[in-house]
Amino acid sequence: MIKILAFDLDGTLLNSNKQIDPRTKEAIGKAMKAGMHVVIASGRDKNGCRFVYEPLGLEKGENFLALVNGQIIYDFAKKEYDLDDVLLPEDGLKIQEICRKYGVEGIFCCGYDFYSYVSTMGRMKKAVKNTLFGKPVDYGLKAGAENRNFINLPYKENTFTQDINKVCLVHAPKFFEKNLENLKNDLHDYDVLLVGPGWLEIMPKGVSKASALDKIARRLGYTMNEVMAFGDAENDLVMLEKAGIGVAMGNAMEAAKEAADVVTKTNDENGIGVVIDSLLDGNEDLLREGII
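Per my numbering, residue 1 is the first one in the sequence shown, and the count goes up by one each step.
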């Protein structure tokens, strides 16, 4: 029986306007009243999830955050963090070489500090896009906390003295369509995840939302078979495969749909609410068979 509901945020729990559909919020509330635990499983950090977990009331029960693609677990009931493996300074140097090789921007995420590693020309292009189209040069990473910093690095070898949680590579979608496999080959020591058309994330090997969910399930006395996970991108694949019921959104990448047991409606069509309502109506066996 499903006891834990795990949700990716962007492209999944959040609609195209970066909001939760009121029908989805209502369905999650019903699931929590029925005794289910909720996990937000996101590439974001805790402050980046605040606008979601506060309205859902996750702080009031045995609910969790699986942050930075599962690298950090936050237990609301105990108010405790659990940290998995991080990238080391030597990893940072290797990834900088890849950034220079492909001419791609690398954003090194170190706690609340984000370091942008990009050529002078790349930085000028970002400034032009900001002026003409209002696109933030920090990609919105500073949003949600006053003490976050977005720092430009000189385009030369830099050794980090802080732990690196993950590295984001940013470029045009066509660039990743052309170079994704080569990038994965060059970065074979890491988990390389395409989380959006123009956004690639590099994680320590074996650190994933699935590994975090497994820890959370065992902490609560359950197994992964009692987890229902919702996602849409490559950083959700293992979570969708390992969960008792993996649910891909209608707008998900094809790889996510293939990894899931069920494909629901899109994030703009209350896709999550549809599945939760079916679950609460007693249709768990049908959902395990891929039928909504």
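Where a beta carbon is used, it is the ideal one built from N, C-alpha and C, also for glycine. Keep in mind that this is a model prediction, so the values were computed, not measured.
The alpha helix (DSSP H) spanning residue i covers which residue range?
i, result
"L183", "173 to 186"
"V104", "Unbroken run through V104: none, as it is neither H nor E."
"F51", "46 to 56"
"D281", "D281 -> no alpha helix (DSSP H), and no H or E assigned at all."
"I344", "Coverage of the chain is limited to positions 1 through 292, which leaves residue 344 absent and any answer about it impossible."
"N130", "120 to 133"
"P209", "The sequence given here places Lys at residue 209; Pro does not occur at that position. First-last of the alpha helix (DSSP H) with K209: 209 to 220."
Using C-beta distances below 6 Å, list every residue in its chain close to residue i, excluding the 5 sequence neighbours before and after it, in chain order.
i, result
"D277", "A27"
"A252", "D232"
"E59", "F76"
"V104", "L169, H171"
"V275", "V247, T264"
In the DSSP assignment, find the beta strand (DSSP E) that holds residue i and state where it starts and stops.
i, result
"P22", "Counting along the chain, P22 falls outside any beta strand (DSSP E), though it belongs to the alpha helix (DSSP H) covering 22 to 33."
"I72", "72 to 75"
"V39", "37 to 41"
"F7", "4 to 7"
Could you compute how far the alpha carbon of residue i sits from the alpha carbon of residue j?
i, j, result
"L240", "V263", "11 Å"
"Y155", "D214", "39 Å"
"L220", "V86", "25 Å"
"N17", "V39", "21 Å"
"N149", "L183", "27 Å"
"K106", "I216", "This sequence places Gly at residue 106; Lys is not what is there. Cα-Cα distance, rounded: 31 Å."
"T161", "R288", "46 Å"
"N235", "K125", "28 Å"
"C99", "Y117", "8 Å"
"K25", "L67", "20 Å"
"E62", "H37", "6 Å"
"T131", "D138", "13 Å"
"M121", "A127", "10 Å"
"N185", "P136", "31 Å"
"E146", "G29", "30 Å"
"L13", "N69", "15 Å"
"K129", "I72", "33 Å"
"V192", "N283", "35 Å"
"E269", "R23", "10 Å"
"A210", "R44", "16 Å"
"N152", "S119", "10 Å"
"F114", "L141", "8 Å"
"K101", "G111", "26 Å"
"V238", "R123", "34 Å"
"M249", "L280", "19 Å"
With a threshold of 16 other CB atoms inside 10 Å of the CB of residue i, please say whether the residue is buried or exposed.
i, result
"D189", "exposed"
"L5", "buried"
"P204", "buried"
"T159", "exposed"
"G206", "exposed"
"A34", "exposed"
"F176", "buried"
"Y81", "exposed"
"G134", "exposed"
"L200", "buried"
"M1", "exposed"
Tell me whether residue i, by its Cβ, gets closer than 7 Å to a heavy atom of the ligand MG.
i, result
"V207", "Although the ligand MG was asked about, the structure shown includes no ligands whatsoever."
Going by DSSP, what residues sit across from residue i in a beta bridge?
i, result
"Y190", "P204"
"G246", "A229"
"E241", "Note: E241 sits in no beta bridge, so no partner."
"C168", "I107, E201"
"A66", "A41, I73"
"V263", "A248"
"E80", "D75"
"I151", "Y115"
"L87", "I164"
"G196", "W199"
"D10", "L14"
For residue i, collect the residues of the same chain with a Cβ closer than 8 Å to its Cβ; drop the 5 residues on either side in sequence, then sort them by chain order.
i, result
"A172", "G198"
"G92", "F108, N158, T159, F160, I164, V167"
"V52", "L9, L13, L14, I20, I40"
"C49", "L9, I40, S42, L65, L67"
Can you give me the Cβ contacts of residue i inside the same chain, cut-off strictly under 7 Å, excluding the 5 residues immediately before and after it?
i, result
"I95", "G106, V167, I202"
"M32", "V38, G61"
"Y74", "K46, F64, L65, L67, Y81"
"G294", "Absent from the model: residue 294. The displayed extent of the chain is 1 to 292, so no value can be given."
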